[in-house]
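Working notes, structure below.
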Amino acid sequence: MTGQEPPSNPRGDDGQNPPDTGMGMTAVSYLLGGMLVWGGIGWLVDHYVGTKGIFAGIGAVVGIAGGVYLIVRRLGA
Amino acid sequence: MIGQSTVLAAEFPPSVEDFYLPSILPWGAHDSYWFTKITLLVWVAVAAIIIFFLVSNRKPQLVPTKKQWLAESLYGFVRNNISIEMIGPRGVAFAPYLTTLFCFVLLMNFFSIVPLIQMSPNSHIAFPAILAVISYVMFLYVGMRHHGGFFKYMKAALIPPAPWFILPLLIPIEFFSTFLVRPFSLAVRLFANMFAGHMLLLVFTLGGFAMISANAWLAPVSLVSWLMTIALTGLEFLVICLQAYVFTVLTASYVQGAIADEH
Chain A
1 MTGQEPPSNP
11 RGDDGQNPPD
21 TGMGMTAVSY
31 LLGGMLVWGG
41 IGWLVDHYVG
51 TKGIFAGIGA
61 VVGIAGGVYL
71 IVRRLGA
Chain B
1001 MIGQSTVLAA
1011 EFPPSVEDFY
1021 LPSILPWGAH
1031 DSYWFTKITL
1041 LVWVAVAAII
1051 IFFLVSNRKP
1061 QLVPTKKQWL
1071 AESLYGFVRN
1081 NISIEMIGPR
1091 GVAFAPYLTT
1101 LFCFVLLMNF
1111 FSIVPLIQMS
1121 PNSHIAFPAI
1131 LAVISYVMFL
1141 YVGMRHHGGF
1151 FKYMKAALIP
1161 PAPWFILPLL
1171 IPIEFFSTFL
1181 VRPFSLAVRL
1191 FANMFAGHML
1201 LLVFTLGGFA
1211 MISANAWLAP
1221 VSLVSWLMTI
1231 ALTGLEFLVI
1241 CLQAYVFTVL
1251 TASYVQGAIA
1261 DEH
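For the record, the sequence lines run as chains A and B. Position one of the first sequence corresponds to residue 1 (this note's numbering), numbered consecutively onward. Position one of the second sequence corresponds to residue 1001 (this note's numbering), numbered consecutively onward.
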């Protein structure tokens, strides 16, 4: 039986930084989230203003930009 | 054989109805879901895990017995490779919950390939949903306790390090991806994998019966179809272990995100 004791420094660093695992999921959810949230808001604007999808398109692009910015700030170096 | 095959062939293609099994108590009722095979399996899983860990740790020995070794390996694996790996030194506190979660999901998933059971409670959205809600409430609570209150946690979770004029753009995205997508994707990922696995096995098994009863010349194709079922059961085993691991790792990752101080 190995590993009865928890390794004192499991990731080989000072144990303070968040680990890499789970970052991929976070990045994907930021991208999709950005597109869905601002695309959705744009779609609602379309719905009330009466346009046929211009705001949803703009919203999706803006949302993706926001998602990329968030990934860089939260997960980047 | 003929009678059975015509009965089974009548149900091809399989549908969502095949996931709603007849009631056990009252026996055979079709519109009562209070006590079915699913309910029974959940209780069997709970009882099996409790009894296994109680028995294997009743008289712990320095040189472990086989059962004790298995139980300690399971706990050691989750503690060292999931809790501490993901959360850091504070992860030891979450190891008991994560081990329980891992064993429970693994056993519930494993029911889907045990011969004669071949039905996982996790292929009903209710069970993964409740597990996801437990993990969700836990990481919210842990985050609030760590940051000292609801508003301080929301501030840490929702406000990224960015200039003020971009914040209105970013906060909805943060809210969406942290507090809405997480529990939803946790539940749906497990449910969909188990649902699709069961459906796949059903298609190949029942498809074999459908073909052989439609035309006797199709018997070799039926045989191939049943061989495929066996191969897919092997694939299903992989999915079972992977999904139990992924569910546990993501829960640990969310807890880590909740108690992280600064990125």
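Where a beta carbon is used, it is the ideal one built from N, C-alpha and C, also for glycine.
Identify, in the order they occur along the chain, each residue of the same chain with its Cβ nearer than 6 Å to the Cβ of Gly1091 of chain B, setting aside the five sequence neighbours on each side.
Ser1083 and Ile1084
DSSP state of Gln16 of chain A, grouped into three classes?
For Gln16 of chain A, the pLDDT reaches just 46, beneath the cut-off of 50, and the residue's location in the model is therefore unreliable, leaving the point undetermined.
Min CB distance Ser1120 of chain B to chain A below 7 Å:
no
When the Cα of Leu32 of chain A is compared with those of B:Gly1207, B:Phe1237 and B:Arg1182, which residue comes out closest?
B:Arg1182
Check whether Val1114 of chain B and Leu1098 of chain B have beta carbons under 7 Å apart
no
At least one CB of chain B closer than 7 Å to the CB of Gly50 of chain A: is that the case?
no
Going by DSSP, what residues sit across from Thr1036 of chain B in a beta bridge?
B:Ser1023
Below 8 Å, can you find three or more Cβ-Cβ pairs linking the segment 1059–1066 of chain B to the segment 1121–1141 of chain B?
no
Nearest-angstrom Cα distance between Ala1162 of chain B and Arg73 of chain A?
8 Å
Among B:Ile1087, B:Leu1074 and B:Asn1080, which has the Cα closest to the Cα of Ile1259 of chain B?
B:Ile1087
Answer yes or no: does any C-beta atom of chain A fall closer than 7 Å to that of Phe1111 of chain B?
no
For chain B, find out if any of its Cβ atoms is closer than 7 Å to the Cβ of Gly42 of chain A; answer yes or no.
no
For Thr1229 of chain B, which residues of its own chain have a beta-carbon under 8 Å away from its beta-carbon, when the five flanking residues on both sides are left out?
Leu1201, Phe1204, Thr1205 and Gly1208
With 16 other CB atoms within 10 Å as the buried threshold, where does Gly1148 of chain B fall?
exposed
Residues from the segment 52–71 of chain A in contact with chain B, defined by Cβ distance under 9 Å:
Val62, Gly63, Ala65, Gly66, Gly67, Tyr69 and Leu70
Between Ile1125 of chain B and Leu1227 of chain B, what straight-line distance do the alpha-carbon atoms span, to the nearest angstrom?
29 Å
For Pro1183 of chain B, does the three-state DSSP call read helix, strand or coil?
helix
For chain B, check one thing: does any of its Cβ atoms lie closer than 7 Å to the Cβ of Gly24 of chain A?
no
Who are the near neighbours of Leu1070 of chain B in its chain, counting only those whose CB is closer than 8 Å to its CB and skipping five residues on each side?
Ser1056
Is there at least one Cβ from chain A nearer than 7 Å to Phe1176 of chain B's Cβ?
yes
My guess is that Leu1106 of chain B and Ile1240 of chain B are in contact by the Cβ rule of under 8 Å, so how many angstroms apart are they, rounded?
7 Å
Give me the subset of the segment 1136–1169 of chain B whose CB atoms are less than 8 Å from a CB atom of chain A, sorted by chain position.
Pro1160, Pro1161, Ala1162, Ile1166 and Leu1169
Return the chain-ordered list of same chain residues with a C-beta closer than 8 Å to the C-beta of Pro1026 of chain B, the five sequence neighbours on each side being excluded.
Ser1032
Compare the C-beta of Pro1172 of chain B against all C-beta atoms of chain A and say whether one is closer than 7 Å.
yes
Give a yes or no on whether the minimum CB-CB distance between His1263 of chain B and chain A is below 7 Å.
Summary for His1263 of chain B: the model assigns pLDDT 49, below 50, so the residue's position carries little reliability, and this model does not support an answer.
Does the distance from the C-beta atom of Met1199 of chain B to that of Ser1120 of chain B stay below 7 Å?
no
Cutting at 6 Å between CB atoms, please list the residues of its own chain near Ala1156 of chain B, excluding the five before and the five after it.
His1147
Quick check on Val1188 of chain B - is its C-beta less than 7 Å from some C-beta in chain A?
no
Please decide whether Val45 of chain A counts as near chain B, where near means a Cβ-Cβ distance under 7 Å.
no
Does any residue of chain A have a CB that is nearer than 7 Å to the CB of Val1239 of chain B?
no
Tell me, please, whether the segment 61–73 of chain A touches the segment 1010–1026 of chain B by the rule of three or more beta-carbon pairs shorter than 8 Å.
no
So, is Gly24 of chain A buried or exposed, given that buried needs 16 or more other C-beta atoms within 10 angstroms?
exposed
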